[in-house]
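K.L.:
After the structure tokens below, expect a handful of questions from me.
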Amino acid sequence: MIHIKNSMAACLALAVLLAAPPAFAKSDFANILLRRTGNGDPVAGKEKSQICQGCHGGDGNSKDEQIPKLAGQYDEYIIKQMRNYQEGTRSHEIMNGMAAPLSDKDLADIAAYFADQPIMKGNAARPNETGEKLFLHGNIGEMVMTCAYCHGNTGKGIDPSTAMYPVIGGQHKAYLLKQLKEFRGDDRVNSPNAGMNRTLRALSDSELEALAEYISGL
69 MIHIKNSMAA CLALAVLLAA PPAFAKSDFA NILLRRTGNG DPVAGKEKSQ
119 ICQGCHGGDG NSKDEQIPKL AGQYDEYIIK QMRNYQEGTR SHEIMNGMAA
169 PLSDKDLADI AAYFADQPIM KGNAARPNET GEKLFLHGNI GEMVMTCAYC
219 HGNTGKGIDP STAMYPVIGG QHKAYLLKQL KEFRGDDRVN SPNAGMNRTL
269 RALSDSELEA LAEYISGL
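In our numbering, the protein residues as written are 69 to 286.
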């Protein structure tokens with residue numbers, strides 16, 4: 069009986085998480101944006117990131133859809149990814165070598181520069197019921213957590229204190245889809261507590277496609 073009650077409580081808790089992404093007042097969100105850059109120096113970061121800008125864009129908005137936008141991304145998230153490249157936790161034919169010589173100060177300044185740019189924007193997502201439903205509400209039947217619960221209702225993140233959950237709204241569709249598939253297949257394993265791997269495991273290719281399309285338009 070106790071086991072049944074505990075199971076019911078767990079299901080109810082999951083249902084709340086799936087159905088109710090956190091809401092924030094506009095004033096709160098404005099204050100959050102001011103705290104994205106962390107302790108780095110954006111001015112120094114602009115100079116140090118010249119080689120980065122060649123691929124990711126001078127304002128952090130890359131032209132190549134396989135290369136991620138960094139505009140307005142949390143500084144701590146950028147730093148974490150670069151450290152993962154340095155450690156080999158994350159692998160890329162170019163990025164591992166690019167990250168290798170950078171000091172902690174370099175990483176902080178470069179991350180602050182990109183975090184200081186206007187936040188990436190999509191091209192207004194066209195109607196996409198599947199993608200919207202998965203992003204805002206998840207799928208309780210498949211135990212798929214709502215994306216908005218961690219990434220915010222607009223995909224622009226929730227708070228710098230939760231920078232491990234990055235800005236994704238407005239990111240390139242091709243890049244998003246590649247990362248979603250890599251998480252699902254455990255080819256990328258550097259999300260907190262492997263949360264992305266577990267969340268995406270139950271989703272089909274068509275669902276990932278719909279999700280990537282919806283997020284890219286935010």
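All C-beta atoms, glycine included, are put in the ideal place defined by N, C-alpha and C.
Assuming Ala-180 contacts Gly-285 under a Cβ cut-off of 8 Å, what Cβ separation, rounded to an integer in Å, is found between them?
P.N.:
About 28 Å; that fails the 8 Å criterion.
K.L.:
My output table needs one value for Val-257: the three-state DSSP class, helix, strand or coil.
P.N.:
Correct three-state label for Val-257: coil.
K.L.:
Following the continuous alpha helix (DSSP H) through Val-111, name the residue where it begins and the one where it ends.
P.N.:
Residues 110–116.
K.L.:
On the CB-based measure, 16 or more other CB atoms within 10 Å of its CB, does His-124 come out buried or exposed?
P.N.:
Flag for His-124 reads buried.
K.L.:
With DSSP as the reference, identify every bridge partner of Val-212, one or two as the case may be.
P.N.:
Paired residue(s): Asn-207.
K.L.:
Under a three-way DSSP split, which group does Leu-106 fall into?
P.N.:
According to the sequence provided, residue 106 is Gly. The question's Leu does not apply to it. Of the three classes helix, strand and coil, the one that applies to Gly-106 here is coil, per DSSP.
K.L.:
Just curious, the alpha helix (DSSP H) that Gly-238 is in, first and last residue?
P.N.:
First-last for Gly-238: undefined, no H or E at that position.
K.L.:
What span of residues does the alpha helix (DSSP H) with Leu-268 cover, start to end?
P.N.:
263–268 is the extent of the alpha helix (DSSP H) around Leu-268.
K.L.:
Report yes if the CB atom of Glu-281 is closer than 8 Å to the CB atom of Lys-241, and no otherwise.
P.N.:
Going by C-beta atoms, Glu-281 is nearer than 8 Å to Lys-241.
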